[in-house]
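Below: one structure, written as structure tokens.
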Amino acid sequence: MDIRHPLKKSDIQMMEFCHKYEVPFIPVLTKSDKLNSSAISRSIKDVEKNLILSLSL
């Protein structure tokens, strides 16, 4: 997943699918070299929030 952009609907759907069928997965954020440290922190927090929301169904 590109760290510079919000998660796509398809990203969230795939995480939900993996969670539903108990398939282990590791979210990987790419292109972090393109952002400064504060933007990276914001993006990581956003991804964490989306993970918690989508997987707590």
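Number 128 marks the last residue of the sequence shown (this note's numbering); no jumps.
Cβ coordinates follow ideal geometry from the N, Cα and C atoms, glycine included.
Next item on the list: Would you kindly work out how many angstroms separate the C-alpha atoms of L106 and M85, rounded to a whole number?
Entry: 25 angstroms
Notebook entry, point to check: Looking only at DSSP bridge pairs, what is D73 linked to?
Noted result: T101
Next item on the list: For E93, name the three-state secondary structure that DSSP assigns.
Entry: coil
Margin query: Assuming I74 and L100 are in contact, meaning their beta carbons sit under 8 angstroms apart, how far apart are those beta carbons, in whole angstroms?
Written below: 4 angstroms
Notebook entry, point to check: In angstroms, rounded to a whole number, what distance separates the CA positions of I115 and K91?
Noted result: So the alpha carbons of these two residues sit roughly 23 angstroms apart.
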